[in-house]
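Number of protein chains: 4
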Amino acid sequence: MILILNDNADPKGAEYAQLMAALQRLPGIEVRVHRIEGELRAVTEVYLIGDTKPLSIEEMQALPLVERVVRVSEEYRILGRHKDDNRPSHFEYQGLRFGQDTLNVFAGLCAVDIPLHVEQMCRALRDNGQVCTRMGAYKPRTSPYSFQGHGRACLDYVFDIAGKYGIKVIAMEVTHESHVNEIREALRATGSTTGVMLQIGTRNTQNFELLKAVGRQQEFPVLLKRGFGITLDESLNAAEYLASEGNSKVVFGLRGMKTNMGDPHRNFVDFAHVPVVRRLTRMPVCVDPSHSVGSRARAHDGILELMHVTAQAVVAGANMVLVDFHPDPPKALVDGPQALLLSELPHFLEDVGIARDAYQRRIETARRHQAA
Amino acid sequence: MILILNDNADPKGAEYAQLMAALQRLPGIEVRVHRIEGELRAVTEVYLIGDTKPLSIEEMQALPLVERVVRVSEEYRILGRHKDDNRPSHFEYQGLRFGQDTLNVFAGLCAVDIPLHVEQMCRALRDNGQVCTRMGAYKPRTSPYSFQGHGRACLDYVFDIAGKYGIKVIAMEVTHESHVNEIREALRATGSTTGVMLQIGTRNTQNFELLKAVGRQQEFPVLLKRGFGITLDESLNAAEYLASEGNSKVVFGLRGMKTNMGDPHRNFVDFAHVPVVRRLTRMPVCVDPSHSVGSRARAHDGILELMHVTAQAVVAGANMVLVDFHPDPPKALVDGPQALLLSELPHFLEDVGIARDAYQRRIETARRHQAA
Amino acid sequence: MILILNDNADPKGAEYAQLMAALQRLPGIEVRVHRIEGELRAVTEVYLIGDTKPLSIEEMQALPLVERVVRVSEEYRILGRHKDDNRPSHFEYQGLRFGQDTLNVFAGLCAVDIPLHVEQMCRALRDNGQVCTRMGAYKPRTSPYSFQGHGRACLDYVFDIAGKYGIKVIAMEVTHESHVNEIREALRATGSTTGVMLQIGTRNTQNFELLKAVGRQQEFPVLLKRGFGITLDESLNAAEYLASEGNSKVVFGLRGMKTNMGDPHRNFVDFAHVPVVRRLTRMPVCVDPSHSVGSRARAHDGILELMHVTAQAVVAGANMVLVDFHPDPPKALVDGPQALLLSELPHFLEDVGIARDAYQRRIETARRHQAA
Amino acid sequence: MILILNDNADPKGAEYAQLMAALQRLPGIEVRVHRIEGELRAVTEVYLIGDTKPLSIEEMQALPLVERVVRVSEEYRILGRHKDDNRPSHFEYQGLRFGQDTLNVFAGLCAVDIPLHVEQMCRALRDNGQVCTRMGAYKPRTSPYSFQGHGRACLDYVFDIAGKYGIKVIAMEVTHESHVNEIREALRATGSTTGVMLQIGTRNTQNFELLKAVGRQQEFPVLLKRGFGITLDESLNAAEYLASEGNSKVVFGLRGMKTNMGDPHRNFVDFAHVPVVRRLTRMPVCVDPSHSVGSRARAHDGILELMHVTAQAVVAGANMVLVDFHPDPPKALVDGPQALLLSELPHFLEDVGIARDAYQRRIETARRHQAA
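Heads up: the sequence lines are chains A, B, C and D, in that order. Quick note on numbering: this note's numbering labels position 185 of the first sequence as 1111, and the sequence is numbered without any gaps. Quick note on numbering: this note's numbering labels position 44 of the second sequence as 970, and the sequence is numbered without any gaps. Quick note on numbering: this note's numbering labels position 62 of the third sequence as 988, and the sequence is numbered without any gaps. Quick note on numbering: this note's numbering labels position 60 of the fourth sequence as 986, and the sequence is numbered without any gaps.
What follows is the structure in structure tokens.
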């Protein structure tokens, strides 16, 4: 059960103390407070965890400061979408909005290799009006003998260059909690001219200790990728770990599932789940066409399959696209064969735009028919 | 290796006999002739099967009547798309064109139950300008104790009603070779006022004896659904069984794969394979959103998930949509819960139209960028 | 609901007519009679299909000829194991017993190629005391351009040779109902010196028309292989198709599931399901280690992996083993690389024997502990 | 390439320095030294990583201290089994041997709940001659709202009680590197009367940072469970992370794969991979029947399915069994329904013994036939 408090709820005030005292007396109920600081106002949500069936909505509504009460189903308490639940499905970061109603493209390098490539990438983004990118510094690799990313060593120049070209948010995977501090320090050292969305990869979707650590900070939003060998439900529960520790600025990422039934694609593309995640939760949904398709195969109609699956995600309402580009794919240290070329960026963006337009026309059409 | 003969190749002529004699002399090579009768002209293709590596393209081209020679890779000889292969990727039936460049919607009843419902369905289609439908008479069911379809008994009234409402093609599943004769006879008995596309379902994708039998007739085109538990490659090989027996009027259908990784959808939606099938073969590609999604779940944006996945297929170039409607879903004998209502048909068609427009804009955009 | 009739129930008698009349009057209930002819006596089971909840066991027991009434759960009515259900879990064929309490080994040729190999195989079997074999005449192949088996053409010599060497039962796959007649005729033409267990392969597990046709005859028992891309429950329902048509002499075969999670095995070995099938149904359970493992890889302890999985099946109670041997594997037309050599037959049989001994010791140990 | 040094190789000696200097000069080759301290002698292995194709075995053999040179394939360099590779496939810990030639049973509590249950469990083990157990303190759970284990808080009493009853090794899952220190400290605080095998669970198989951290210590051996949604190859590469950091006392654990094709088992039992892992690597192989089967379903022969799959693993050479018991399953906080009862321990051990005997008879039989 969630109690949403009045805007003016003051955690130091008497009414607040009174409310907390009342809640502590509830038998077998654990109380967790989530405070989400928005641009204009702060929202305080109080989660009652345990057997809340005996509690009546009326009684709870009668407590001081309580504006509204939502009875939630067991799963995805915080990030889920519950009956009569109109809590927001977006957040702000670095002046950008990430929500179920927006679309942000993060084109960039799967793995940072040399400063020149970072600079070429960022310049191309700026020239095409983009303010987000992806840059991999910490790379989890199947074999211990493969290149594991430059890690801390590349952060300074990556942030410097990104800031110089007006990039506001960089999606960057972390594989250990210490990486968050390294990123925070490097951002400060380079004048905080850009921002970072922490990315948790598919191999760590159920690395609950990492989720808890990343969930305990609220400075950076988090992109959690779906586990490629577990059910959607299990991955959504993993996202809830982030939120249960206090960080609900979470984007959920689809990236294909590991089964040979998806051949010849590298993974079984799962973008039909875009609307499902938006129905079950309030998270914006990201897709990663590069790791799903894993090749530059071109369909007979002249369009790359990677662009086809991107259009499929966007036409069904995807809110974020994470895609690999590289100025010189043969020199890429990781996943070169699936990278798009910088010269393909305008086409890619235009193609995404067509699919987004179509999605918006679809929404309007649905409204018109429902009204009729 | 395929020899494509001149338009005027006459199977009874001297040159033809000369050609065949020359081919018979090739050691270890089996010769199969495929004659595809089009509206305007007939195309004759001669397949050389066996070890064709020693044969030179020049020598073959020098034989009488040979217009062009295509060296094919081992797989999907007839239906596949080979290097420098510009054989047609469409066919005509009942005055309609089915190709990689067209889009046909087959909305209809998963299973025929009573004449009233068939009539209501067909009337709705006519009122919405549709000339194709789906009507299930023979239903393969997991349990022997479930309703198995009305079979032969319903064919007459189905064809009568369909013809009356201007339906030109009915997609109808067959599960035994005898059903083809039953359908042929019923069509004749009712004056051949409509046509049938034979559908082979996912449980029979590797029922090779059925494929051979259906492949031996050329009157009806065939919609072969992908096997829900085998690789794409294996299903494409199954399609080749139809063609190797002489019928290359084949549409390939995607309908979702059987794994719980696709939950909460009934099957794991595999429509990212639409452009893949169009790249590997010359078959038009159909999708079945009803059996893939298996429910009427509605996304938070107000659009049914079933319509979302349809749009995903169409925006990536799908050529045919097979979708379940029912005038009175609670009374449906099979799969009622996933059926759309007749009142939803105009919205469905409009939604498909938006996605198709977007696909065409995407194609034009790709051409413009490639030309640049 | 199943009514098991008295031994002396005479289908032509007055009591029988009285019983049937009473049953016909039950509203919404379909009546199906199964008569199983055993060596000593015939058992008549009457299945009541439909909503049997309102029927009381007492009332049914009061009807003439009814010895016992079993209320069955919905699924696997005939082949399933229901509460308080002590119907037999075995059948006899050619003087051999196939049951949940026996073990029969069927070593033989995956595909018949030449008479010499058939003869070498049968001689090796006789010399090792074996009376069963496998011989593939009709081979379903992924590609239409692969060898499809000699079919009808090889039956006469196969049956002749088998009879000559004392083989009593040959497991032989059929892929079309006409094959059953071909087999019946060839057996008669060659003097019925051997017998056949019809095998339905994994690609036809849900080829319900074939199941119905094979289920309608009772001369030959049937080995139904599990579908390699469907759930166990769906495959068990498929077996029920055979029984619902009248043939309950069914052995259920495990042969591995199609997913790359089983690599480097050809299929994901599923022999942990041996005790599950024996719990849910009364069918004897067969395993096919050759198609599961698909190679002659040898474990570090010197034992072939194919023999390891066989031992795993037998130690958990498997009742039949279908395994590929070949006198000259490089010359085999199908699946040579996984075939065992004739010289390995004694070792294979001895290894199976050790596992069977262990199973029997395990059963005794379990009884002792349960009694304690 | 691996250089195995003489027993008397002294890392402080002149020859050693000479060897290292020679190796440093090899272009593009990284040198890693692994020193494995055994009871009697220390083995030093020098790994040359990079393009070693140009290096000749003769030249390397000529370097000081080098006893033997093994050219390894790319994968599983340290833990793998390479051609002509007779490095040991066992290690010692707490006076016990863990190898491909031994069998150790770890029966115990999935999750520690109260000291009484720990005591009852350990007493039963001692009474049945057991010296190993499993005790879960840190529990990774799908939902953040589920019980997460008592963690550090229970370690002291667990170690105290275990030591008191003669338990030498406790398998205990860790989900964060800090847990290793907590365990080390608690062991010391309680007098080091027992030992711990660190367990890394299926959700962390590709948590490479945890693997690296655990691999950097050599005090505790490690049981790495296979990832339940990745290929076997990927999981074996994960084990190599442990070894590449210095710890090659690694046991590899099978615990079933996540796919509904394994229903009604909780996971798809993958124990056919026991001999495969023993062929590809030198690691002892553990199986976890409790999490694979996930229920107390009893086969028709009176044996629990959980015991059937255990016997299957052991008859094919498994070296370790991790199995859930509980003195009072209804009170278990995690996975109670699959736990065996303490009263079933003697039967379980006897059943395992029968399968182990059979395995040994199978090995002898194989040797006899190979010698023949």
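Where a beta carbon is used, it is the ideal one built from N, C-alpha and C, also for glycine.
Proximal residues of chain B, C-beta to C-beta of residue i below 8 Å
{"i": "A1284/A", "result": "A1237, V1241, I1280, A1281, D1283 and A1284"}
{"i": "N1186/D", "result": "T1185 and N1186"}
{"i": "R1181/A", "result": "Chain B residues near R1181/A: none, gap ~12 Å exceeds 8 Å."}
Assigned exposure category for residue i - 16 Cβ within 10 Å defines buried
{"i": "E901/B", "result": "A query on residue 901/B cannot be resolved here, the shown segment of chain B reaching from 927 to 1298 and no further."}
{"i": "F1194/C", "result": "buried"}
{"i": "R1192/D", "result": "buried"}
{"i": "R1288/A", "result": "buried"}
{"i": "R1181/B", "result": "buried"}
{"i": "S1072/C", "result": "exposed"}
Given residue i as reference, the closest of the options once Cα atoms are compared
{"i": "V959/A", "options": "L952/A, M946/A, H1226/A and R951/A", "result": "M946/A"}
{"i": "A1079/A", "options": "E1276/A, A1063/A and A1242/A", "result": "A1063/A"}
{"i": "R1013/A", "options": "I1004/A, A1244/A and F1032/A", "result": "I1004/A"}
{"i": "E1099/A", "options": "I1093/A, A1115/A and H1076/A", "result": "H1076/A"}
{"i": "T1128/B", "options": "D1189/B, H1105/B, T978/B and K1065/B", "result": "K1065/B"}
{"i": "G1021/D", "options": "S982/D, P1190/D, P1147/D and V969/D", "result": "P1147/D"}
{"i": "L1042/A", "options": "P1263/A, G1117/A, H1252/A and F1017/A", "result": "H1252/A"}
{"i": "V1260/B", "options": "G1188/B, M1061/B and E1166/B", "result": "M1061/B"}
{"i": "Y1285/B", "options": "N1107/B, L1029/B and E941/B", "result": "L1029/B"}
{"i": "G1089/B", "options": "T1116/B, E1111/B and S1174/B", "result": "T1116/B"}
{"i": "Q1144/D", "options": "N1173/D, E1160/D, N1130/D and M1123/D", "result": "N1173/D"}
{"i": "V1213/A", "options": "L1206/A, V1200/A and G1220/A", "result": "V1200/A"}
{"i": "G1034/C", "options": "Y973/C, M1047/C and A968/C", "result": "M1047/C"}
{"i": "I955/C", "options": "L981/C, V1249/C, T1068/C and H1008/C", "result": "L981/C"}
{"i": "V1249/B", "options": "D1086/B, G1262/B and P1256/B", "result": "G1262/B"}
Cβ-Cβ separation, residue j to residue i (assumed contact under 8 Å), whole Å
{"i": "R1049/C", "j": "Y1091/C", "result": "6 Å"}
{"i": "R1208/A", "j": "E1171/A", "result": "The pair is not a contact, with the Cβ atoms about 17 Å apart (cut-off 8 Å)."}
{"i": "I1109/A", "j": "Q1132/A", "result": "About 22 Å; that fails the 8 Å criterion."}
{"i": "R1204/B", "j": "G1243/B", "result": "6 Å"}
{"i": "R1222/B", "j": "G1179/B", "result": "At roughly 21 Å, the Cβ-Cβ gap does not stay under 8 Å, so R1222/B and G1179/B are not in contact."}
{"i": "M927/B", "j": "T1185/A", "result": "Actually they do not touch by this definition, with Cβ atoms about 35 Å apart."}
Closer than 6 Å: residue i CB and nearest the ligand NAD heavy atom
{"i": "E1290/C", "result": "What this structure holds is no ligand at all, so the ligand NAD is not there to describe."}
Within chain B, the residues that residue i reaches when beta carbons sit closer than 7 Å
{"i": "F1178/C", "result": "Those within 7 Å of F1178/C in chain B number zero; the least Cβ separation is about 15 Å."}
{"i": "H1300/A", "result": "Summary: the structure shown does not reach residue 1300/A, with chain A confined to residues 927 through 1298, and so no result is reported for it."}
{"i": "F1134/C", "result": "P1066 and T1101"}
Interface partners of residue i on chain D, CB under 7 Å
{"i": "D1277/C", "result": "R1288 and T1291"}
Within chain D, the residues that residue i reaches when beta carbons sit closer than 8 Å
{"i": "T1157/C", "result": "N1186, M1187 and D1189"}
Neighbour list for residue i in chain D, Cβ cutoff strictly below 9 Å
{"i": "Q1026/C", "result": "H1226 and D1227"}
Amino acids of chain C, ordered along the chain, whose beta-carbon sits closer than 9 Å to that of residue i
{"i": "G1153/B", "result": "R1129 and G1155"}
{"i": "R1204/D", "result": "A1225, H1226 and D1227"}
Under 8 Å by beta carbon: chain C residues contacting residue i
{"i": "E1160/B", "result": "T1068"}
Contact list for residue i against chain B, beta-carbon separation under 9 Å
{"i": "N1107/C", "result": "Near N1107/C there are no residues of chain B at all, since even the closest Cβ is about 14 Å away, more than 9 Å."}
Residues of the segment 1189–1201 of chain B whose Cβ lies closer than 9 Å to any Cβ of chain A, in chain order:
D1189, P1190, H1191, F1194, V1195, D1196, F1197, A1198, H1199, V1200 and P1201
Report the residues of the segment 966–995 of chain D with a CB closer than 8 Å to any CB of chain A, ordered along the chain.
I975
Residues of the segment 1219–1233 of chain C with a CB closer than 7 Å to any CB of chain D: list them in chain order, please.
A1223, A1225, H1226, D1227, G1228, I1229 and E1231
Could you run through the segment 995–1020 of chain A and flag, in chain order, every residue whose CB is less than 9 Å away from some CB of chain B?
R1007 and S1015
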